[in-house]
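Novice:
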């Protein structure tokens, strides 16, 4: 007890509430990372379960101000893409009373997209926002490439029509669409909000490279890469 009294006092620091992301991009503009995530933030509701895949989506979603009672889940420990789709299924199955919003890139989604059919089988109703830029984008960034015209062939993805996956996998009464502009995205989110069942919105981004991290951090990632094996 005496030792505890002698210990230096520690004052818990106070933190101000972060600001909401400002709405960016005119309605008629093509989708961009800034315009997408500010609109997702406006779409979220209290109590939502928000799930994002490891990669660019996870980094951007970490900056979103969540409404009261909402939870954010991502898989950062092993940085294993493909986790988010089955995780969204599990969350929706575990608590049907809460809305599950999944934000995932096309690269990770292709690894476990069969879980869409499982969602339909068990009748869960997530809202899926699929970011389609046709590549494993983070891999290109880590490799030092910021030119979308010079993507390595092994990081280019097969051109799936993602918004047609739920129908192909037997999901019934899903609202499914693809969007290219902010206005289309806003309209799709409104429809998803009113939809009693699941929704699947494919966001067509083109081959846009994104840099979710500060340049100095990306430089450190380059330096930490395993050096080439020499004989």
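Residue numbers (our numbering): 128 to 358. The beta carbon of each residue, even a glycine, is placed where N, CA and C say it ideally should be.
1) Taking residue 216 as part of the alpha helix (DSSP H), name the residues at either end of that continuous run.
2) Report yes if the C-beta distance between residue 228 and residue 171 is below 8 Å; otherwise report no.
3) With a 10 Å radius around its C-beta and 16 neighbouring C-beta atoms as the bar for buried, classify residue 205 as buried or exposed.
4) Among 203, 241 and 178, which has the Cα closest to the Cα of residue 219?
5) At a Cβ threshold of 8 Å, is residue 244 touching chain B?
6) Tell me where the alpha helix (DSSP H) around residue 238 begins and ends.
7) Taking C-beta to C-beta, are residue 328 and residue 255 nearer than 8 Å?
8) Terminal residues of the continuous beta strand (DSSP E) containing residue 304?
9) Excluding the five sequence neighbours on either side, which residues of its own chain have a C-beta within less than 7 Å of the C-beta of residue 247, listed in chain order?
10) Given residue 263, which residues of its chain have a CB within under 6 Å of its CB, disregarding the five upstream and five downstream residues?
11) Output yes or no for whether 8 Å exceeds the beta carbon distance between residue 302 and residue 251.
12) Spell out the partners DSSP gives residue 188 in its beta bridges.
13) Output yes or no for whether 8 Å exceeds the beta carbon distance between residue 182 and residue 208.
14) Report, in whole angstroms, the separation of the C-beta atoms of residue 306 and residue 330, which I expect to be a contact under 8 Å.
15) In three-state terms, what does DSSP make of residue 315?
16) If the criterion is Cβ atoms closer than 8 Å, does the pair residue 180 and residue 232 meet it?
17) Have a look at residue 275 and residue 333 and give me their C-alpha separation to the nearest angstrom.
18) Could you pull out every residue in the same chain whose Cβ sits closer than 6 Å to the Cβ of residue 151, ignoring the five residues on either side in sequence?
Specialist: Put simply:
1) Walking along the chain shown from the start, residue 216 turns up at place 89. Here the alpha helix (DSSP H) through residue 216 covers 211-221.
2) Here residue 228 corresponds to residue number 101 of the chain shown, with the count starting at 1. Here residue 171 corresponds to residue number 44 of the chain shown, with the count starting at 1. The answer is yes: Cβ separation under 8 Å.
3) The residue labelled residue 205 in the question sits at position 78 within the chain shown. Exposed.
4) Counting from one through the chain shown, the residue named residue 219 turns up at place 92. Residue 178 is the option with its Cα nearest to residue 219.
5) No chain B is part of this structure, which consists of one protein chain only.
6) Position 111 of the chain shown, counted from the first residue, corresponds to residue 238. Run containing residue 238: 233-239, per the alpha helix (DSSP H) assignment.
7) Along the chain shown, read from residue 1 onward, the residue named residue 328 stands at position 201. Along the chain shown, read from residue 1 onward, the residue named residue 255 stands at position 128. Yes; because the gap between Cβ atoms is below 8 Å, this pair is in contact.
8) By one-based count along the chain shown, residue 304 stands at place 177. That run of the beta strand (DSSP E) goes 302-306.
9) Looking up residue 247 in the chain shown gives position 120. 293, 296, 297, 298 and 299, listed in sequence order.
10) For this step, residue 263 is matched to residue 136 along the chain shown. Excluding sequence neighbours, residue 263 sits near 234 and 282.
11) As a working mapping, residue 302 is identified with position 175 in the chain shown. As a working mapping, residue 251 is identified with position 124 in the chain shown. Not in contact: residue 302 and residue 251 (Cβ atoms no closer than 8 Å).
12) Sequence index remark: in the chain shown, residue 188 carries index 61 (1-based). Answer by DSSP bridge pairing: none, since residue 188 is not bridged.
13) As a first step, residue 182 must be located in the chain shown, where it is residue number 55. As a first step, residue 208 must be located in the chain shown, where it is residue number 81. Yes, they are a contact pair.
14) On the chain shown, residue 306 is found 179 positions in, with the first residue counted as 1. On the chain shown, residue 330 is found 203 positions in, with the first residue counted as 1. Between residue 330 and residue 306 the Cβ distance is about 6 Å, and since that is below 8 Å, they are a contact.
15) Sequence index remark: in the chain shown, residue 315 carries index 188 (1-based). Residue state, collapsed to three classes: helix.
16) Translated into the one-based positions of the chain shown, residue 180 becomes position 53. Translated into the one-based positions of the chain shown, residue 232 becomes position 105. Contact flag set, yes.
17) Position 148 of the chain shown holds residue 275. Position 206 of the chain shown holds residue 333. Taking the straight line from one Cα to the other gives about 9 Å.
18) The sequence position of residue 151 within the chain shown is 24, counting from 1. Taken in chain order, the residues that qualify are 161, 162 and 165.
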